[in-house]
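In terms of this note's numbering, the sequence shown opens at residue 2 and continues consecutively. Okay, structure first, notes after.
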Amino acid sequence: MELGIGIGWRPEIADAVDELPGVDWVEVVAENICPGHLPAALTRLRSRGTRIIPHGVSLGLGGADRPCEQRLADLAERATELGAPLVSEHIAFVRAGGVLTASPLLEAGHLLPVPRTWDALKVLCENVRIAQDSLPVPLALENIAALISWPDEELTEGQFLAELVERTGVRLLIDVANLHTNHVNRGEDPSAALDELPVEAIAYVHVAGGIERDGVWHDTHAHPVTQPVLDILTELRSRVSPPGVLLERDDDFPPQAELAAELTTIRRTLAAAGAGTRAVAAGGAGGRTATSREGAAVGHSSPAGRERVALAQAALLSALVAGTPAPEGFDSRRLRVQSRALAAKRADVVAKVAPELPEILGRGYRAAFLAYAKSRPMRDGYRRDALDFAEQLLVAGHPDDDSARRLLTRWWEERAAAQPPRRATRLVRAARAALVRR
């Protein structure tokens, strides 16, 4: 299925996307749209015949738990609502702990790398098959960018992806910016990964920008696409003709002319790389096959295998978001960098989903949130995180300014009203009553 050249649709650039020439399709973050209430800009695009693909970020198919039925149902509903030809997600875990480890369930608020081990591969394959059976259209999975490496991995990225495709027939979404990120941060060779992965299974390709700080590449999606990323796109195109290539931009959005120029650069890169090559057509990932090393191509993961993956992922996530010691074999410095990046992302996303908080707290918002994040892992998404942050501030008697504290109390009460009153709730209300009596 040919998609052509696309761009990631975001509300901030909806008008620009509507007017950009030569955009054949768009990708939307699945969790950010509501079936039955599509933004008018998306409805216009669909009426013009522009294909729309929902891109999920919260399934956590690489996690030790089986996929949540409700999350799968939500993704399926969005695919149907949009008339999508396929849906995409990530090869990642986003939460850990819970029943399998008899420990608190922790949310990362971010995509974290799956260990490239046979145990993790079997768990991932079973989760993918569950997802495939629940979705009305084909599924494509994306390789992710990472700051950290798991110790004692048993497969390279290319081998891991090849085994995944062989065992499940899933399609691939190859992000060439992520291949560059893993080259800088983990020393992995993008050319070797491209040589090993089944390029004929590619459904489409992501291209995005980032920035390097202190030897670490940050996959920001907020900077222009760099030449090294375009070089990897050239290498990929020399091997295969991808059905679709999409420009991602998630923040610090440039003017429409700059987006158009980046799309033009991508088109020219593909055209130059394709001239005179004998690349095969991609997008034709076949059915599930039964051949595999380790002898478990279509079998289920064992309970013991899931438990081993669960314990390893919970230990890593706890070190990242709850301050527990680094698991053996990990680079402690890199874990600290990742931990700070997760906390900064939490602060940024909470500021977006609850913009009243930085307005009320002013310049003190970020420092206060980062202090809160050190001792309070996210437990149930960013909106709950915003409420928990405000609650903790109020229980501690902050902010110091009486007017700001009244505003924060009112904000919190309006949004926490549907929640059962807890001890902290009573403390907040008592604090408000004391303010009123002054």
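All C-beta atoms in this analysis are idealised placements derived from N, C-alpha and C, irrespective of residue type, glycine included.
- For Ser104, the first and last residue of its enclosing beta strand (DSSP E): 104-113
- Among the residues of its own chain, which have a CB less than 6 Å from the CB of Gln393, if the five just before and after it don't count? Tyr373
- Expressed to the nearest angstrom, what Euclidean distance is found between the alpha-carbon atoms of Arg364 and Leu264? 37 Å
- Item | Ile131 - containing beta strand (DSSP E), residue span | Careful: Ile131 lies outside any beta strand (DSSP E), inside the alpha helix (DSSP H) at 119-135.
- Query: Where Ala417 and Val241 are concerned, what is the direct C-alpha to C-alpha distance, given to the nearest angstrom?
  - Reply: 52 Å
- Message: Suppose you measure from the CA of Tyr366 to the CA of Leu237; what does that come to, to the nearest Å?
- Response: 43 Å
- The alpha helix (DSSP H) with Ser333 in it runs from where to where? 333-354
- Give the secondary structure of Ala223 by DSSP, where H, G and I count as helix, E and B as strand, and everything else as coil. coil
- Message: Whole angstroms are fine: how far does the CA of Gly7 sit from the CA of Glu249?
- Response: 9 Å
- Task: Only counting runs of 4 or more residues, tell me where the alpha helix (DSSP H) segments fall wholly within the region 48-112, in order along the chain.
- Result: 70-83
- Contacts around Pro421, its chain only, beta-carbon distance under 8 Å, and the 5 residues preceding and following it disregarded: In this predicted model, Pro421 has a pLDDT of only 46, less than 50, meaning its place in the structure is not dependable enough to derive any value.
- Count the other CB atoms within 10 Å of the CB of Asp176; is the residue buried (16 or more) or exposed (fewer)? buried
- Coarse secondary structure for Ala141, derived from DSSP in three states: strand
- Message: Buried or exposed for Glu20, going by 16 or more other Cβ atoms inside 10 Å?
- Response: exposed
- Where do the ends of the beta strand (DSSP E) carrying Leu248 lie? 245-248
- Using DSSP bridges, identify the partner residues of His184. For His184, which the question treats as bridged, DSSP gives no partner whatsoever.
- Sequence-distant residues of its chain with Cβ nearer than 7 Å to Leu312 (five each side left out): Thr102
- Item | Pro86 to Ala141 span [Cα, whole Å] | 11 Å
- Query: Roughly how many angstroms lie between the CA atoms of Leu362 and Arg384, to the nearest whole one?
  - Reply: 17 Å
- Tyr205 to Arg411, Cα distance in whole Å? 47 Å
- Message: So for Gly210, helix, strand or coil by DSSP?
- Response: coil
- Query: Quick one: is Glu3 buried, meaning 16 or more other Cβ sit within 10 Å of its Cβ, or exposed?
  - Reply: exposed
- Query: Tell me the DSSP bridge mates of Ile8?
  - Reply: Val27, Leu248
- Asp176: first and last residue of the uninterrupted beta strand (DSSP E) it sits in: 172-176
- Beta-bridge partners of Ala282, as assigned by DSSP: Ser242
- Residues near Gly110 by beta carbon distance below 6 Å, same chain, minus five either side: Arg347, Met379
- Of all the options Phe390, Leu395, Ile149, Pro139, which has the alpha carbon lying nearest to the alpha carbon of Gln339? Ile149
- Message: If you reduce the DSSP assignment to three classes, tell me which class Ala204 lands in.
- Response: strand
- Query: Looking at the structure shown, is Trp218 part of a helix, part of a strand, or coil, going by DSSP?
  - Reply: strand
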